[in-house]
DNA sequence: ATCGGCTCGCGCAA
DNA sequence: TGCGCGAAGCCGAT
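Residue numbers (my numbering): 68 to 557.
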């Protein structure tokens, strides 16, 4: 079954070539074998044309945030996919570029033998430009499939300034979108054979084995190795799926209350897996719906636009879905319509820029530059622990993340500099940096998708104020703090 | 412990 | 035009 029409974009309308050797799926964002509109669509095309499917999953070097951390995570995922595709009888080419530019030409070489090329839509980082460039160069029909979330990006025609207005838009069409989920196992009955790839292509661009991908290969790559792999967190669909199950079995029943407290460990931890598509939003939703015995008849229209009660699920599940769909996809929709907007200071709402400008000259109790923030060397142990968690784990606890960003706003020479510092730290150290959702998290701390709050305060103006002292009072965080403390902090 | 005030944009109802 | 509502705010009053 093909992906719904509203999720398929054809940038250059070229005819497909029915006598090609295979259908090429260029897997760039939805790096998984299940619950994927992109893969499902490519498989349906292959069936229609009676040609084998060839999956190209690659990772290149030379892009801007090129760290051993991200490479390890993505290569873990490639290793899992290599095994899964092999057991499904589908050819999967796992290419790891080992020198800048070495991968150039691979996509075109494979595409020239293909009936058509299918790839993923992703509204962030350099992917939209990469897809646009590929669409121009590839002399084949090229179909871009949006499997990012419940809301098809093309079904929206504008950005939303508040979560509330987006929530209303989601609820209005939710009943329609829950009826068009991707197939859970799109390749379960695959019988179209093994795509042959010419030796000269494989000689120049070798496909790595699962063992290679998990092994020492990464050590020799030209990467920022200072940002090393995160401990205790393996990338890939196996680890991502396991995390979904763990959260459903334990965290969800206490959501969101337990997730507020850093010591309690009640967060889903799914963000990095969602970012690289090792886990898909539809798959997570499907599991929640199944666990709660939900069907669309339980939707309560009278609760439309409300934070709770619309779905007819438990309050905990509704709260999590609000996070997974409303808040996550709010950022995706914004990035889709305004590429780069979320990470641009001048794109913040007018009221926020005005009030921050009015307080630009206020005295700051402390100011630090990016290097001091980056090395977690401020006067405040609580803040340093946040930054240390980012450095070590590639993610900051959800609540502490807000404090982390708010304090950089409070302790930088200007709000503009603070914003740039945060985007840079997030880009470099977070496993899911460069995700629209990560940028919306930073931008929220500067008023994006939020509202003004009084009373007006120094530096922050009417932007929602948060303090380390209040967090210490409200939250259970002593164990978290001890864990991420650095020598010298007490 | 709980509550109101602070403040702004949206979308619906009137 | 008015009104209710809204990611996690903080602070002071009761």
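The beta carbon of each residue, even a glycine, is placed where N, CA and C say it ideally should be.
Tell me residue i's beta-bridge partners as DSSP assigns them.
i, result
"residue 161", "124"
"residue 76", "211"
"residue 187", "212"
"residue 514", "Looking at the DSSP assignment, residue 514 forms no beta bridge with any residue, so it has no partner."
"residue 445", "Bridge partners of residue 445: none, in fact."
"residue 181", "89"
"residue 550", "For residue 550, which the question treats as bridged, DSSP gives no partner whatsoever."
"residue 229", "516"
Whole-angstrom Cβ separation of residue i and residue j, contact assumed at under 8 Å?
i, j, result
"residue 185", "residue 203", "Their Cβ separation, rounded to whole angstroms, is 17 Å, which puts residue 185 and residue 203 out of contact at 8 Å."
"residue 163", "residue 142", "7 Å"
"residue 212", "residue 74", "6 Å"
"residue 277", "residue 140", "Incorrect: roughly 15 Å between the Cβ atoms, too far for contact."
"residue 435", "residue 542", "Contact flag wrong, Cβ pair sits at about 24 Å."
"residue 274", "residue 113", "With a Cβ gap of about 19 Å, residue 274 and residue 113 do not count as contacting."
"residue 518", "residue 507", "The pair is not a contact, with the Cβ atoms about 15 Å apart (cut-off 8 Å)."
"residue 106", "residue 92", "6 Å"
"residue 151", "residue 100", "5 Å"
"residue 118", "residue 259", "7 Å"
"residue 492", "residue 329", "Incorrect: roughly 19 Å between the Cβ atoms, too far for contact."
"residue 538", "residue 449", "7 Å"
"residue 412", "residue 483", "5 Å"
"residue 98", "residue 343", "5 Å"
With C-beta atoms as the reference, is residue i less than 8 Å away from residue j?
i, j, result
"residue 191", "residue 103", "no"
"residue 157", "residue 303", "no"
"residue 455", "residue 553", "yes"
"residue 83", "residue 208", "yes"
"residue 174", "residue 201", "yes"
"residue 453", "residue 470", "yes"
"residue 269", "residue 149", "no"
"residue 295", "residue 346", "no"
"residue 426", "residue 526", "yes"
"residue 530", "residue 419", "yes"
"residue 462", "residue 451", "no"
"residue 512", "residue 472", "yes"
"residue 397", "residue 227", "yes"
"residue 349", "residue 248", "yes"
"residue 315", "residue 358", "yes"
"residue 123", "residue 177", "yes"
"residue 336", "residue 326", "no"
"residue 155", "residue 257", "yes"
"residue 433", "residue 478", "yes"
"residue 341", "residue 384", "no"
"residue 189", "residue 95", "yes"
How should residue i be labelled, buried or exposed, when 16 other C-beta atoms within 10 angstroms of its C-beta is the threshold for buried?
i, result
"residue 504", "buried"
"residue 365", "exposed"
"residue 187", "buried"
"residue 572", "Residue 572 lies beyond the stretch modelled for the chain, which goes from 68 to 557, so this question has no answer here."
"residue 261", "exposed"
"residue 193", "exposed"
"residue 77", "exposed"
"residue 71", "buried"
"residue 68", "exposed"
"residue 522", "exposed"
"residue 206", "exposed"
"residue 219", "buried"
"residue 137", "buried"
"residue 534", "exposed"
"residue 251", "exposed"
"residue 502", "buried"
"residue 468", "buried"
"residue 363", "exposed"
"residue 242", "exposed"
"residue 232", "exposed"
"residue 109", "buried"
"residue 464", "buried"
"residue 446", "exposed"
Item to check | Complete beta strand (DSSP E) runs within the region 82–155 (minimum length 3 residues, chain order) | outcome: 89–94 and 120–126
Checklist entry - Which runs of the alpha helix (DSSP H) spanning at least 4 residues fall entirely within the region 278–334, listed in chain order? => result 304–313 and 324–327
Checklist entry - At what residue ranges does the region 464–538 contain a whole run of the alpha helix (DSSP H), taking only runs of 4 or more? => result 465–477, 482–496 and 503–511
Checklist entry - What are the start and end residues of each continuous alpha helix (DSSP H) run of 4 or more residues lying completely inside the region 373–432, in chain order? => result 382–388, 395–404 and 417–425
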